[in-house]
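Participant: Residue numbers (my numbering): 119 to 280. Below is one structure. I have some questions about it.
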Amino acid sequence: MERVQPPAVSDLFGKKGRAFLETVRIRESRRLALDNYLKLLDELNERITMVEQILEEKAELTEEVGWLRTIPGIGLHNAVLILSELGEVAQFSRPQGLVCYAGLAPKVAQSGDQVRYGHINRQSNGFIRWALIQSAWSAVLSSTPNRFQRIYLEEGEGEKRR
């Protein structure tokens, strides 16, 4: 059994990693398989690039995508995902309906004067919730200072507040 020491690179499929994979000495059968996988990876990357270009061109035609992209953390992909999952925004008569549909409203249990808030509703549109949560993390981790970073730092990193 041949032992191959992988290179100390952050991305095995980046420039240095690919150079290693293309020159590493391995059995002929494994070399054939590896070369085929690398060609397949190149083809998939080309197709992804092509789809992203088309997506970018189509997204430029809608001003809603532009509006969403002005929000820190929301990029092209999440803006398109959010809009495609929402459909017509006019279907929501008030903002609270949109918040509930996106799954960002906590469960509320009321009895008389007592009100208890629970976790967010997981029976809603998971794609929108996922995109918004990822966008929030992008905003917090952004190199450009923004209010979301300030809120994150003021509230404490991962501390539970009760």
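Even for Gly, the Cβ is constructed at its ideal location relative to N, Cα and C. Remember, it's a predicted structure, so these values are computed and weren't measured experimentally.
Just verifying my parser: in three-state terms, what is the DSSP assignment at ARG234?
Facilitator: Here ARG234 sits in strand by DSSP.
Participant: When the Cα of GLY235 is compared with those of VAL183, SER229, GLN241, PRO224, which residue comes out closest?
Facilitator: Note that residue 235 is Tyr in the sequence shown here, rather than Gly. For the residues VAL183, SER229, GLN241, PRO224, the minimum Cα distance to TYR235 belongs to PRO224.
Participant: Where does ILE269 land, buried or exposed, given buried means 16+ other C-beta within 10 angstroms?
Facilitator: Flag for ILE269 reads exposed.
Participant: Just how far apart, CA to CA, sit PRO125 and GLU178?
Facilitator: Answer to the nearest angstrom: the Cα atoms are 41 Å apart.
Participant: So, for TYR219: in the same chain, excluding its five sequence neighbours on each side, which residues have a beta-carbon less than 8 Å away from its beta-carbon?
Facilitator: Only LEU204, PHE210, SER242, ASN243, ILE246 meet the Cβ criterion.
Participant: Where LEU98 and VAL142 are concerned, what is the direct C-alpha to C-alpha distance, given to the nearest angstrom?
Facilitator: Nothing can be reported for residue 98, as the shown portion of the chain is limited to 119 through 280.
Participant: Please give the ranges of any alpha helix (DSSP H) in the region 153–187, keeping only runs that are unbroken, at least 4 residues long and fully inside the region.
Facilitator: You should have 181–187.
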